[in-house]
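So the structure is just underneath, and the comments pick up after that.
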Amino acid sequence: MPKEMVDALRPEFVMPLVLKLCDENSRETGGLYEVGAGFIAKLRWERSKGKSFSVTDGFSPEDINAAWADITDFTDTDHPATLAESNLAIIRNLKS
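The numbering of the sequence shown is my numbering, which starts it at 1276 and goes up by one.
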């Protein structure tokens, strides 16, 4: 890694975000951030439409292989913001 890049990745350029998040007035919690060289961005989860399989009948690696295009297609996505939102797809699958 070039020295210029190493210099730009010093902890001093991460600490301002840490201090902002630790401030008693900060309402941010549970966030994930990409931080480095003066760049700061909040990351979020993005989930493909996916594919549901029967937990009663079971499923195989071959079933997963056949559905791989659906599992990995990010054309139709959602953005769960909490664990509860993330679990909705699992709960819906269990009820079907």
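Cβ atoms here follow ideal geometry from the backbone N, Cα and C, with glycine treated the same way. Just so we're clear, the structure is a prediction, and the values are computed from it rather than from any experiment.
Subject >> L1292 - containing alpha helix (DSSP H), residue span >> reply: 1290-1297
Original post:
For K1317, which of E1303, K1370, N1340, N1362 has the nearest alpha-carbon?
Top reply: Selection E1303, K1370, N1340, N1362 evaluated against K1317 yields E1303 as nearest (Cα-Cα).
Original post:
For I1315, which residues of its own chain have a beta-carbon under 8 Å away from its beta-carbon, when the five flanking residues on both sides are left out?
Top reply: L1292, Y1308, E1309
Original post:
Whose C-beta lies closer than 8 Å to the C-beta of L1363 among residues of the same chain, with five residues either side of it excluded?
Top reply: P1355
Original post:
Going straight from the alpha carbon of M1290 to that of A1312, what length do you get?
Top reply: 12 Å
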